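In our numbering, the protein residues as written are 228 to 428.
Ideal Cβ placement from N, Cα and C applies to all residues, glycine included.
Owing to the predicted nature of the structure, the values given are computational and were not obtained by experimental measurement.
What follows is a set of notes on a single structure, which appears directly below.
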Amino acid sequence: MSDLLQQLQGYFTSGGYVMPPLIVATVVLWWTLGYRMMALRRGSLRSARVLVDRFLKGQRPTHRGVLVRVLKKGMKLRAQALPDLRRYLDDAFAEEANEIRKYRVLITTIVLVAPLLGLLGTVSGMIETFDSLGDMSLFSQSGGIAGGISQALITTQMGLAVSIPGLIVNGILDKKQRQLEIEMAQLKDYLCSPIPGIETD
């Protein structure tokens, strides 16, 4: 265990001043991704139409999720027979719509900035390398040729290691968000229309 900690410490030190921001970016990125994963839980595998039909028949969903929450809000408003139901539904659904979009911009920013931080470390490492080449010092207090090359490679690797998984996971979550927004719009349309077999014009 101590050997592993020493290796990690050496890895962190070799990366230079760019490593602390990259570590912070990694922690923030995966915390926000985890938040989005929880926020984007659908709550039920059934379609919006089936959820409404079952709700009107007294079969209330027991799962927690976006669609279940907006369904309960929508049905509560629908029972009040409001004259402009869609406007009230828009207001009620807006809170959930904002929740499923939360931290999206922050995640995108981190995914874009992390490789640039890695590139900054690469440039810094190459400057150190060329300075050391001028002095012909393989090792020096500031790192030397070996230290400069190590910093250049490690920061590039770290920047990509932060960015690529975050990009993939966030892409999957964005797709899930778009699908939920479509289903929320369908649920809103369904709530604003007479339901066959239950209501008539």
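Asked	Found
Of the residues ARG305, GLY345, TRP258, ARG276, the one placed nearest PRO247, counting alpha carbons only	GLY345
Rounded C-alpha distance that separates ILE409 from LYS403	10 Å
Nearest neighbour of THR349, chosen from ALA379, LEU333, PHE320, THR336 [CA to CA]	ALA379
Of the listed residues ILE391, LEU407, ILE250, nearest to THR335 (C-alpha basis)	ILE391
Identity of the residue in LYS415, MET264, THR253 nearest LYS329 by Cα	MET264
ARG269 - DSSP class collapsed to helix/strand/coil	coil
Status (buried if at least 16 other CB within 10 Å, exposed otherwise) for CYS419	exposed
Same chain, Cβ closer than 8 Å to ARG268, five either side skipped, listed in chain order	ARG291, GLY292, VAL293
Supposed contact pair ALA341 and LEU260 - C-beta distance, whole angstroms, cut 8 Å	That belief does not hold up - the Cβ atoms of LEU260 and ALA341 are roughly 13 Å apart, past 8 Å.
Length of the line joining the Cα atoms of ASP435 and TRP258	The structure shown has nothing for residue 435, since the chain only spans 228 to 428.
Cα-Cα separation between LEU256 and GLY393, rounded to whole angstroms	7 Å
Proximal residues to GLN368 (C-beta, below 6 Å), its chain only, five neighbours per side dropped	Low local confidence applies: a pLDDT of 49 at GLN368 is under 50, so the model's placement there is unreliable, and no value is given.
Proximity below 8 Å, CB of SER351 to CB of VAL245	yes
Limits of the alpha helix (DSSP H) - the one that ASP318 falls within	312 to 328
Start-to-end residues for the alpha helix (DSSP H) that takes in GLY301	293 to 305
Within 8 Å, strictly: CB atoms of GLU323 and ARG281	no
VAL389 versus THR253 - alpha carbon distance	6 Å
Beta-carbon contacts of THR240 that lie in its chain and below 7 Å, excluding the five residues immediately before and after	none
Rounded straight-line distance, which links the Cα of GLY386 to that of LEU343	7 Å
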